[in-house]
Amino acid sequence: MGPRILSQFDYDGGAKPERSHNRILARKTHSLSFSSHKESVTRLLEEKLISFLESCKTPKQLLQIQAQIFSHGLEENDYVGPRIVSACFRFTRVDYARQVFDRISQPNVSVWNAMFNGYTQSDLHKEVLLLFKRMRSNDVTPNCFTLPVVLKACLMINDLRQGEEIQCFSIKTGFRSNSYLGTKLIEMYSCAGVIASANKVFCEMVEKNVVTWTSMINGYILNKDLVSARRYFDLSPERDIVLWNTMVSGYIETGNMMEARRLFDQMPCKDVMSWNTVLEGYANIGDIEACERVFEEMRERNVFSWNGLIKGYAQKGQLSEVLDSFKRMVDERNVLPNDATLTLVLSACAKIGALDFGKRVHKHGEDLGYDKVNVNVKNALIDMYAKCGAIDIAMEIFNGIKRRDLISWNTIINGLAAHGHGNEAIELFREMKSCGTRPDKVTFVGVLCACRHMGLVEDGLAYYNSMSTDFSITPQIEHCGCVVDLLSRAGLLTQAVEFINTMPVKADAVIWATLLGASKVYKKVEVGELALEELVKLEPRNPANFVMLSNIYGDLGRFDDAARLKVAMRDTGFKKEAGVSWIETDDGLVKFYSSGEKHPRTEELQRILRELTNLNILLDEEEEEEEEEEEEEEPQKDFV
DNA sequence: TTAGGGTTAG
1 MGPRILSQFD YDGGAKPERS HNRILARKTH SLSFSSHKES VTRLLEEKLI SFLESCKTPK
61 QLLQIQAQIF SHGLEENDYV GPRIVSACFR FTRVDYARQV FDRISQPNVS VWNAMFNGYT
121 QSDLHKEVLL LFKRMRSNDV TPNCFTLPVV LKACLMINDL RQGEEIQCFS IKTGFRSNSY
181 LGTKLIEMYS CAGVIASANK VFCEMVEKNV VTWTSMINGY ILNKDLVSAR RYFDLSPERD
241 IVLWNTMVSG YIETGNMMEA RRLFDQMPCK DVMSWNTVLE GYANIGDIEA CERVFEEMRE
301 RNVFSWNGLI KGYAQKGQLS EVLDSFKRMV DERNVLPNDA TLTLVLSACA KIGALDFGKR
361 VHKHGEDLGY DKVNVNVKNA LIDMYAKCGA IDIAMEIFNG IKRRDLISWN TIINGLAAHG
421 HGNEAIELFR EMKSCGTRPD KVTFVGVLCA CRHMGLVEDG LAYYNSMSTD FSITPQIEHC
481 GCVVDLLSRA GLLTQAVEFI NTMPVKADAV IWATLLGASK VYKKVEVGEL ALEELVKLEP
541 RNPANFVMLS NIYGDLGRFD DAARLKVAMR DTGFKKEAGV SWIETDDGLV KFYSSGEKHP
601 RTEELQRILR ELTNLNILLD EEEEEEEEEE EEEEPQKDFV
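Counting along the first sequence from 1, when you hit position 366 you're at 366 in UniProt numbering, and nothing is skipped either side.
This is the structure in structure tokens:
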């Protein structure tokens, strides 16, 4: 399709006049038919150009069509002009759209509207308001399409003052009864928290439709007035599915899952969004069983349904179910995972160290193309590889990101720090700052962690102080914990205690346990006693603390004190919880406790372990390395 | 002849 086709509309200037006995009449007839012919040809040309503009697929085609428009002198045409502007915005060529607009000497109201709509779609709300001012100063009268879109701009940038001006203007210019305008006004006032003004607009509207009612009800929901929202819902003369969904999600947002469910059950018809709303409602309150029931009951599921279920499992810490659901989703083949699905699943893999599964998710994401476009997926991949110990792959992915965000930097810095690559972490922190990315509290956890690993006491304290002085970040318990650990590991226990006494947050059990641990290493029994005293207040049920101090006494030969603590521990009535390891197998994840007797196949496992141990003794180091390499190169299984 | 309101999902 190209502008060449337009040549068929070329015309020769009209038909020759017919011979007539009445020359005057003949001339008149000729003049009339000529002008109407010209008009109809122009109409045809306009229509053809408009249809080209609306169907054009590439910026190049757009330019070709524009060339035709110029050659026919139609660039200022009332009908073509707005369409050219809209087409420019469709290809998100905002600056170009503006150039085209600026070249139109007297744009009609539709061209202005096309600019407002284009700017709105490109999230350039300030530009809408600036342009509207210019429109008014040019004495162009807005029409019924103008004010709602301008009002939307006020709403988006939360400019209530300009919104009120537009409301006054609408009253003066007679657009008061426009329902689109009314809806936007209700929305604007509700968002600004001025619910009384929203309600005034609503009450004064002569013709209210279901959209207006929804807007008002949503206004009350936004302002947490569910009683008024429900009253209006019950009063509404018409209730469509959007209104029902709005009300149900209103209850969910305010934590009233019971009422949400009751209303959901009363819905005359439900769409997938209604189902997803309740599904997520259950996920958010942690009722995973209800979430599963809703999921199984659904006749139609989309990617948000799957994400809702997966998120429910993730929030509840049921991470192997996250992996199972993902596998099921891929196996069922009805719905494709999206970037959010991958992010959720990769994050679960990271938490349980499921490297093999994570790699397969990565491969799947590559096949779907998400890893190329989406920075969230890339960040999740960095985190997964880093947490699973494959820091080199994590680094490779980080280096491949063109547009890194704060989370990309934070993830890799924290990943490197956790793996003892303190120097690289600090180096990346410097690079991050020089790239103009402002660090946040998470960045500093990584930086302080890096210092802790390297034992850089002075640097760590300097970074800690720079948080508040250079970046206005108030240190949190995590940062304080790092500093306490940093000082403790360096044996500076007195300074650690001083730091705890002056830090901006109250020390928690983790911090006192850190100090208790250090007091064992450095045999500082008085610091250990202080730490235990605080720990008993914070977690009286944790016998591990008693064990630690008891061991310190034991190390120092103070066996009476050690025995006294053992008794105190027994008096708490609680047993120290066993440590547990998770191992990924073909059948899923298997938990192993330190005593190793809970697994039903313990004997078999122990036999294999013995065999492996014997085998290990036989193998020399070189052979071991070779074996590991072979394992890494093993082809990955697909999900399907 | 042009064109515009409401819910929801990281």
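For each residue, glycine too, the CB sits at the ideal point set by N, CA and C.
Check, Outcome
"Check whether Ile413 and Lys378 have beta carbons under 8 Å apart", "no"
"N- and C-terminal bounds of the alpha helix (DSSP H) containing Gly460", "457-471"
"Complete runs of the beta strand (DSSP E) confined to the UniProt repeat \"PPR\" (405-439) [at least 3 residues]", "none"
"As assigned by DSSP and simplified to three states, the class of Thr341", "helix"
"Neighbourhood of Ala198 by C-beta distance below 6 Å, restricted to the same chain and skipping five residues each side", "Ile186, Tyr189, Ser190, Gly219"
"Nearest residue (CA-CA) to Ile500, options Val521, Lys523, Gln476", "Gln476"
"Three CB pairs or more closer than 8 Å across the segment 255-263 and the segment 235-243", "no"
"Identity of the residue in Glu54, Val100, Thr42 nearest His72 by Cα", "Thr42"
"Pick from Leu147, Asp159, Ile195, Glu300 that is closest to Gly174, judged by C-alpha positions", "Leu147"
"Reference Tyr365, options Phe326, Leu226, Ser86, Gly353, closest by Cα", "Residue 365 is actually Gly in this sequence, not Tyr. When only C-alpha atoms are compared, the closest one is Phe326."
"Element boundaries [alpha helix (DSSP H), containing Glu529]", "525-538"
"Run of the alpha helix (DSSP H) containing Gly365, from where it starts to where it stops", "355-368"
"Of the listed residues Gly436, Phe202, Thr474, Gly415, nearest to Val447 (C-alpha basis)", "Gly415"
"Leu131, buried or exposed, once every other Cβ within 10 Å from all chains shown has been counted against 16", "buried"
"Environment of Gln68 [buried if 16+ CB atoms lie within 10 Å]", "buried"
"Whole-angstrom distance between Gln106 and Leu368, CA atom to CA atom", "48 Å"
"7 Å CB neighbourhood of Thr29 in its chain, flanking five on each side removed", "Residue placement at Thr29 is flagged as unreliable, the pLDDT there being 45, under the threshold of 50; a coordinate-derived value is accordingly withheld."
"Residue of Ser466, Arg301, Cys451 minimising C-alpha distance to Gly460", "Cys451"
"With 16 other Cβ atoms within 10 Å as the buried cut-off, status of Glu534", "buried"
"Collapsed DSSP secondary structure at Phe398 in the structure displayed", "helix"
"Cutoff 6 Å; reference Asp78; Cβ partners in own chain excluding five residues on either side", "Asn108"
"Extent of the continuous alpha helix (DSSP H) to which Pro82 belongs", "80-90"
"Per-residue burial, Cys480 [other beta carbons within 10 Å of its own, 16 or more giving buried]", "buried"
"DSSP state of Thr183 mapped onto helix, strand, coil", "helix"
"Alpha helix (DSSP H) segment containing Tyr522, residue limits", "Segment: none, Tyr522 is in no alpha helix (DSSP H) and carries neither H nor E."
"Asp339, buried or exposed, once every other Cβ within 10 Å from all chains shown has been counted against 16", "buried"
"Through-space distance from Ile608 to Val527, alpha-carbon basis", "45 Å"
"Outcome for Thr469 when other beta-carbon atoms lying within 10 angstroms are tallied against a minimum of 16", "exposed"
"Buried versus exposed call for His21 [16 or more other C-beta atoms within 10 Å across all chains shown]", "Summary for His21: the model assigns pLDDT 37, below 50, so the residue's position carries little reliability; its value from the coordinates is reported in the next sentence. Exposed, by the Cβ-count rule."
"Classification of Ala114 by the beta-carbon crowding that lies within 10 angstroms, buried from 16 upward", "buried"
"N- and C-terminal bounds of the alpha helix (DSSP H) containing Pro543", "543-555"
"Spatial neighbours of Glu127 in its chain, beta-carbon cut-off 8 Å, leaving aside the 5 residues before and after", "Tyr119"
"Residue 721 versus Val272: straight-line alpha-carbon distance, rounded", "Because the chain spans 1 through 640 in this model, residue 721 falls outside it and cannot be assessed."
"Ile426 versus Leu323 - alpha carbon distance", "34 Å"
"Boundaries (first-last residue) of the alpha helix (DSSP H) holding Met216", "210-222"
"Residue ranges of each alpha helix (DSSP H) within the segment 250-331, 4 or longer", "257-266, 272-285, 288-297, 303-316"
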